[in-house]
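Shown next, in structure tokens, is the structure this report addresses.
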Amino acid sequence: MTDNLFTGPWKLISGEFHYSDGKITFPWGENPGGLIIYTSEGYISAQIMTAGRPDFASKDHMRGTDAEIRAAFEGYQAYYGTYDIDTTAGIVNHRVTGSVFPNLIGHNLKRYYEFSGNRLTLRTPPMKMGGSTVTGVLVWERF
98 MTDNLFTGPW KLISGEFHYS DGKITFPWGE NPGGLIIYTS EGYISAQIMT AGRPDFASKD
158 HMRGTDAEIR AAFEGYQAYY GTYDIDTTAG IVNHRVTGSV FPNLIGHNLK RYYEFSGNRL
218 TLRTPPMKMG GSTVTGVLVW ERF
């Protein structure tokens, strides 16, 4: 793979879920943190987190309470793998080889993409969630 418009690091500007009834939610809060890196060799690494996650009282990452561990896990999403681009369809495929959420490993995450200036918007295909249809919309800005 060669350099392309994706290549390089991007910081997360916003992360939203758009519901079919028009509702919009912010799964990682209104000011999430995140970094996605695409390499010219075809690798991807993506991380998203809720800002302001609470510290573990014990200051030991192996000794968190159940509530602390749950908040840390639910407020963080990360995966890595390879990617390819279908410019005709406007799709970037993220093939997950490792993830904090084991169920993603081995899956292809299809994302519709759009570039605007120094921003990249990635949209998920519509997905069922809690009885509704939801589209994830992530806006990234080039560093």
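Okay, so the sequence shown: first residue is 98 according to our numbering, each after it adds one.
Cβ atoms here follow ideal geometry from the backbone N, Cα and C, with glycine treated the same way.
Just so you know, these numbers come straight off a predicted model, no measurement behind them.
Check: Limits of the beta strand (DSSP E) - the one that phenylalanine 170 falls within; Outcome: Where phenylalanine 170 is concerned, there is no enclosing beta strand (DSSP E), although the alpha helix (DSSP H) it sits in stretches over 163–171.
Check: Per-residue DSSP class, three states only, for proline 151; Outcome: coil
Check: Boundaries of the beta strand (DSSP E) in which phenylalanine 133 is found, first to last residue; Outcome: The question names phenylalanine, but residue 133 is isoleucine in the sequence shown. Looking at the DSSP string, the run of the beta strand (DSSP E) that includes isoleucine 133 is 130–135.
Check: Secondary structure of asparagine 200, DSSP reduced to three states; Outcome: helix
Check: Identity of the residues DSSP links to glycine 61 by a beta bridge; Outcome: The shown model of the chain, from 98 to 240, leaves out residue 61, and the question about it has no answer.
Check: Three-state secondary structure (DSSP) of lysine 225; Outcome: strand
Check: Proximity of glycine 161 and alanine 148 at Cβ, strictly below 8 Å; Outcome: no
Check: Endpoints, the beta strand (DSSP E) within which serine 213 is located; Outcome: 205–213
Check: Per-residue DSSP class, three states only, for tryptophan 237; Outcome: strand
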